[in-house]
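Read through the structure below, which is laid out as structure tokens, and then see the notes.
Protein chains: 2
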Amino acid sequence: MTMPDWIGVDWGISNLRAFAVDTEGKVLDARTSDSGMGTLQPSEFEPALLELIDPWLSAGRETPVYACGMVGARQGWFEAAYRPVPCRPVSERGLTEVRTADPRIRVRILPGLSQSDPPDVMRGEETQIGGFLAIHPEFNGAICLPGTHSKWANIADGEISAFQTFMTGELFSILSKHSILRHCLCDTELDRAAFFDAALTTVASPLRPVTELFGLRAASLLEDCEPDTASARLSGMLIGQELALARPYWDGRRTAVIAASQIADLYAETLAKLGADILQVTAPEATLSGLKIAAGHAKAA
Amino acid sequence: MTMPDWIGVDWGISNLRAFAVDTEGKVLDARTSDSGMGTLQPSEFEPALLELIDPWLSAGRETPVYACGMVGARQGWFEAAYRPVPCRPVSERGLTEVRTADPRIRVRILPGLSQSDPPDVMRGEETQIGGFLAIHPEFNGAICLPGTHSKWANIADGEISAFQTFMTGELFSILSKHSILRHCLCDTELDRAAFFDAALTTVASPLRPVTELFGLRAASLLEDCEPDTASARLSGMLIGQELALARPYWDGRRTAVIAASQIADLYAETLAKLGADILQVTAPEATLSGLKIAAGHAKAA
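Here the protein sequences come in this chain order: G and D. Residues in the first sequence are numbered from 697 upward in steps of one, following the working numbering. Residues in the second sequence are numbered from 697 upward in steps of one, following the working numbering.
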């Protein structure tokens, strides 16, 4: 294989993904491991990275590595201070350099973004948003990144003016695994009719989940509500609540959904039913595009 | 010790509490173990009970045992079918007899209550509510039982006409233990000012927690928000949301808070600040009073 010009790294809590990229921005190879930031002590990051990218490195040559995500958190490899919004999502400035023992790599971390009022933070999503905007440079509107901690960002003239995190995915996960509801849920294929009914009902009445949550358990005891229906209703309630509260972002505005998992299709379909003007891109595509900005900018700097 | 006339048992998910009671309803002795319903297979209930109450039993004499709580759930010792509301919370009818191997005990389980629209269930709280009404027979109004699954019941002429479960305590617990918020919370003494501020703000704007939940984490990262303050704000948000949605129960009406833990004081104080007319009793007192009805009624039947 041709040796890469630079290496892009998407380093989240659960996974580590690396891309070997040539001078034209073409991906020569991609490798993934489960050495997520959440499983590592600071001293373990460099070995975890080298284990993955060693085949791409040459003795006597320094390969630049650009990493985004939770790797730059306080509990990560090395803290990359947040950049405050409003700002462009990915900047040529402010890359945080990490010292490594191995001379074959030069590692720089893309900083996350912060907002002071109301307080909010993101790490990794800014790279996807920046990457999306590199592909769609004229885009103005809202960007939605569904996930464990969903993010909504408002884009004006290439900058993020404001953003908002919702704990939707994590709420679904901990309710499914750790609450009394675990007895009445399942993770088989989604009951789509139950999902959209719950989602649209909740968008119209966003407080309903507060009183209806335990009703999922009661309905399974009293009415033999099927686990796939209960799971779909729970998911619909939580996503519906997010969409109701995020309405100022998407209502009457162009909205891009950056899809990291199948759940993003449900966001996009629900938003379309609500009349939103939806554009969908995949998260890996957006991340790589964002890392390219950092790599290009860093070379230019 | 005098041998008891009957034995009352409060058998929840985590604990087993037994009371030895004489003919006058006086408690001669009380014992507790951690053999909660959640830890036992059906065949293990009788041994767990006997281990606790053996000193109170006499050979050749059958002692009645009245048990309430999750012991009567489908996953418990023996399923005691729900009684539908509206109804009196504790009835002389409908006790579910459980066959035992030991001839020294005769075990009867108090059934829980169900509601069909919206679907809801309770097990154990009906005994406390019935016990409270035995102490306050003229009471009309709302009864609040704060807890893992808080219950609100509407009382009219000695009957429960409707009730509503909120997963407030469990949400606090799983968010504290299993979500990203665990990094910014603690369980030291409560920051009362932060609690009441969050609770009253949320009662006025009950959707705020949906957007402010992740803000607790962001505030700890960006503003060094102290863990005791963040915990108090989370607790205040969740309890405030419950009180906002339970407003039809308590607003302008007599409200009794049955207190199983210190958190009940915070419910009572918040409700008092909102102008509710509050009466507080302790859960053990209410449970014992409810078990006495079952014991008395059962004897009369």
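Note that beta-carbon positions come from the ideal geometry of N, C-alpha and C, so glycine has one too. Computed from a predicted model, the values in this text were never measured in an experiment.
- By the Cβ neighbour-count rule, P700 (chain D) is buried, with 16 or more other Cβ atoms within 10 Å of its own.
- In the three-state reduction of the DSSP assignment, I709 (chain D) falls in the coil class, being assigned neither a helical nor a strand state.
- In this structure T966 (chain G) is not in contact with F862 (chain G), their Cβ atoms being roughly 14 Å apart against a cut-off of 8 Å.
- At a cut-off of 8 Å between beta-carbon atoms, P815 (chain D) makes contact with chain G.
- Within the segment 793–812 of chain D, the residues whose Cβ lies closer than 9 Å to any Cβ of chain G are, in chain order, S810, Q811, S812.
- M818 (chain G) has G:L809 as its beta-bridge partners, per DSSP.
- Taking C-beta separations shorter than 6 Å and ignoring five residues to either side along the sequence, the partners of E821 (chain D) in its chain run L841, K847, following chain order.
- Collapsing the DSSP output to three states places V717 (chain G) in a strand.
- The beta-bridge partner set that DSSP reports for Y762 (chain G) consists of G:G704, G:R804.
- In chain order, R784, L829, P833 place their CB closer than 8 Å to the CB of G854 (chain G), counting only its own chain and leaving out the 5 sequence neighbours on each side.
- For the segment 905–918 of chain D, the beta-carbon criterion of a distance under 8 Å to any beta-carbon of chain G is satisfied by V906, T907, E908, L909, F910, G911, R913, A914, A915, L917, L918.
- The secondary-structure analysis by DSSP pairs V794 (chain G) across a beta bridge with G:V803.
- Residue contact with chain G for P902 (chain D): present (Cβ-Cβ distance below 8 Å to some residue of chain G).
- The criterion of a C-beta distance shorter than 8 Å is satisfied by L881 (chain D) and L930 (chain D).
- Excluding its 5 nearest sequence neighbours in each direction, P760 (chain G) has C-beta neighbours in its own chain below 6 Å: W702, R802, listed in chain order.
- Under the DSSP definition of a beta bridge, G837 (chain G) partners with G:I851.
- Contact annotation: in the segment 848–866 of chain G, residues whose CB is within less than 8 Å of a CB in chain D are Q860, T861, F862, M863, E866.
- Pairing D883 (chain D) with S927 (chain D), the inter-Cα distance amounts to about 7 Å.
- The segment 954–962 of chain D makes no contact with the segment 793–802 of chain D, as fewer than three CB pairs between them are under 8 Å.
- Excluding residues up to 5 positions away in sequence, G837, A838, I839, C840, Y945, L967, A972, D973, I974, L975 lie with their Cβ nearer than 8 Å to the Cβ of T951 (chain D) in the same chain.
- Our two residues, R878 (chain G) and S872 (chain G), have alpha carbons roughly 5 Å apart in a direct line.
- CA-to-CA, the gap between A763 (chain G) and A769 (chain G) works out to about 12 Å.
- Along the segment 925–940 of chain D, the positions whose C-beta sits under 9 Å from a C-beta of chain G are Q937, E938, A940, read in chain order.
- The beta carbons of L753 (chain D) and V705 (chain D) sit no closer together than 8 Å.
- Q976 (chain D) carries a strand assignment under DSSP once its states are collapsed to helix, strand and coil.
- From the beta-carbon of S710 (chain G), no residue of chain D is found nearer than 8 Å; the closest lies around 13 Å away.
- Chain G has no Cβ within less than 8 Å of the Cβ of I703 (chain D).
- From the beta-carbon of H845 (chain D), the residues of chain G found nearer than 8 Å are I876, F910.
- Of the candidates G:I825, G:L712, G:P780, G:G932, the residue whose Cα lies closest to the Cα of P902 (chain G) is G:G932.
- For I870 (chain G), a Cβ of chain D is located within less than 8 Å of the residue's own Cβ.
- Residues of the same chain with a CB within less than 6 Å of the CB of E793 (chain D), apart from the 5 flanking positions on each side, are R804 in chain order.
- The three-state secondary structure of L736 (chain G), taken from DSSP, is coil.
- Shown here, S872 (chain D) sits in a helix according to DSSP, grouped into three states.
- In this chain, D887 (chain G) is not harboured by any beta strand (DSSP E), its DSSP state being neither H nor E.
- DSSP places D947 (chain D) outside both helix and strand once states are collapsed to three, so it counts as coil.
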